[in-house]
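**Student:** If you scroll down you'll find the structure; I have some questions about it.
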Amino acid sequence: MAVPTAAVQPRPSIPSRILSSWAESRNALGFGFMLPAAALLLVFLTYPLGLGVWLGFTDARIGRPGIFIGTENYQYLWDDAVFWLSVFNTLLYTISASILKFALGLWLALILNQNLPFKSFFRAIVLLPWVVPTVLSAIAFWWIYDSQFSILSWALMEMGLIDHRINFLGDPENARASVIAANVWRGIPFVAITLLAGLQTIPQSLYEAATLDGASRWQLFRYVTLPLLTPIIAITMTFSVLFTFTDFQLIYVLTRGGPVNATHLMATLSFQRGISGGQLGEGAAIAVAMIPFLLAAILFSYFGLQRRKWQQGGGD
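The following block contains the structure:
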């Protein structure tokens, strides 16, 4: 009696084998998970960015598509004193607020990293300025800075430190300082909590070994904490600079760029020219002019990551 032989299975084609092995790999799984996010970025980031760059080279207005005019918008901005004032204001606003947020945020993170009673409660309280919507924060500061009913002016007068109310938002210099203070108040929690997370990853054995070698508190911070925290600082301050540089809501609610354009940032001026003024091409050109500054912040983050590779023994 003949023994039945097993049916010969057809050999899969080369493309099928490649597709099967690719589908079983971890890279393919990661790529699949990234597709939805990539689609969202393409629709809500890449397309608006490309459209904005294109509009910057046109004379488009609200209700009219416009025609290609080359670099005329940028040539006009080059000779526009208000535009350069907004660039100065943006750099002053970003640099001043970022330095203050870093210094105060690091100080607060070091305090919260200690073994304090109710430290979980304090860590939650610290986050409040960050989670409150920006518009609500701006309205609160608008009341605090009110020229007639400012509680800050009232408190200073009651303490005998001043003899008249301060015009916080009506004087150019006071207005610049006031919006910077409001931004610092909102941004400190982000910096503090992020740096606190970085501090939690530093092994305590390093501090113990350095203490046994006779290191002081300053030397512990200078030679242990700061080097190991540098990559986190780079990433945190990159995001802080990006958020500050592109700030719009806080300025728009508090001053709308006034007085006499003293607090106009590039973002608020772009909105004023492009939306309120109807000059879409000019507003888009101002927005595109922000890109080199944002790229500089990204490069700052890149070099921070390179330092981290070096600390971990990487070759590059």
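Here the sequence shown stands for residues 1 to 316, numbered as in full-length UniProt numbering. Each residue gets a CB set at the ideal place from its N, CA and C atoms; glycine is no exception.
Is it true that the CB of Ser96 sits closer than 8 Å to the CB of Ile151?
**Tutor:** Position 151 of the sequence shown, counting from 1, holds the residue named residue 151. Position 96 of the sequence shown, counting from 1, holds the residue named residue 96. Cβ distance not < 8 Å, so Ile151 and Ser96 don't count as in contact.
**Student:** Check the DSSP bridge columns for Arg64 and list the partner residues they point to.
**Tutor:** Here the question's residue 64 lines up with position 64 in the sequence shown. Partner(s): Arg61.
**Student:** Can you give the beta carbon distance from Ala192 to Leu116, rounded, assuming they're within the 8 Å contact cut?
**Tutor:** As a first step, residue 192 must be located in the sequence shown, where it is residue number 192. As a first step, residue 116 must be located in the sequence shown, where it is residue number 116. So it is not a contact: roughly 14 Å between Cβ atoms.
**Student:** Please go through the stretch 138 to 162 and give each complete alpha helix (DSSP H) segment of 4 or more residues, from N-terminal end onward.
**Tutor:** With a minimum length of 4 residues, the continuous alpha helix (DSSP H) runs that stay inside the stretch 138 to 162 are 151 to 158.
**Student:** Where does Gln279 fall in DSSP's three states?
**Tutor:** In the sequence shown, residue 279 corresponds to position 279, counting from 1. Note: Gln279 maps to coil in three-state DSSP.
**Student:** On the three-state DSSP scale, how would you describe Arg176?
**Tutor:** For the purposes of this step, residue 176 is identified with residue 176 of the sequence shown, where counting begins at 1. Helix.
**Student:** In terms of residues, what are the limits of the alpha helix (DSSP H) holding Asn73?
**Tutor:** On the sequence shown, residue 73 is found 73 positions in, with the first residue counted as 1. Here the alpha helix (DSSP H) through Asn73 covers Glu72 to Trp78.
**Student:** As a quick exercise: from Ser178, Ala81 and Arg61, pick the residue whose alpha carbon is nearest that of Phe271.
**Tutor:** For the purposes of this step, residue 271 is taken as the residue at position 271 of the sequence shown. Ranking the options by Cα distance to Phe271, first place goes to Arg61.
**Student:** Please classify Arg64 as buried or exposed, where buried requires at least 16 neighbouring CB atoms within 10 angstroms.
**Tutor:** Here residue 64 refers to the residue found at position 64 when the sequence shown is read from its first residue. That one is exposed.
**Student:** For Thr90, is the classification buried or exposed, using 16 other Cβ atoms within 10 angstroms of its Cβ as the cut-off for buried?
**Tutor:** Mapped onto the sequence shown, residue 90 falls at position 90. Buried.
**Student:** Kindly give me the distance between the Cβ atoms of Ala297 and Leu242, rounded to whole angstroms, as I take these residues to be in contact under 8 Å.
**Tutor:** Within the sequence shown, numbered from 1, the residue matching residue 297 stands at position 297. Within the sequence shown, numbered from 1, the residue matching residue 242 stands at position 242. So it is a contact: roughly 6 Å between Cβ atoms.
**Student:** Looking at C-alpha atoms only, which residue of Gly187, Thr268, Ser205 and Glu72 is the closest neighbour of Thr134?
**Tutor:** By one-based count along the sequence shown, residue 134 stands at place 134. The shortest C-alpha separation from Thr134 is found at Gly187.
**Student:** Of all the options Ala284, Gln249, Leu100 and Ser301, which has the alpha carbon lying nearest to the alpha carbon of Gly56?
**Tutor:** On the sequence shown, position 56 is the one that residue 56 refers to. Checked all of Ala284, Gln249, Leu100 and Ser301; the closest Cα to Gly56 is Ala284.
**Student:** Ignore the nearest five residues each way along the sequence and tell me which others in Met237's own chain have a CB closer than 7 Å to its CB.
**Tutor:** The residue you call residue 237 lines up with position 237 of the sequence shown. Contacts found: Ser98 and Phe102.
**Student:** Quick one: grab the DSSP three-state call for Val131.
**Tutor:** Here residue 131 is taken as the residue at index 131 of the sequence shown, counted from 1. Helix at Val131.
**Student:** The alpha helix (DSSP H) with Gln272 in it runs from where to where?
**Tutor:** Position 272 of the sequence shown, counted from the first residue, corresponds to residue 272. Where Gln272 is concerned, there is no enclosing alpha helix (DSSP H), given that its DSSP letter is neither H nor E.
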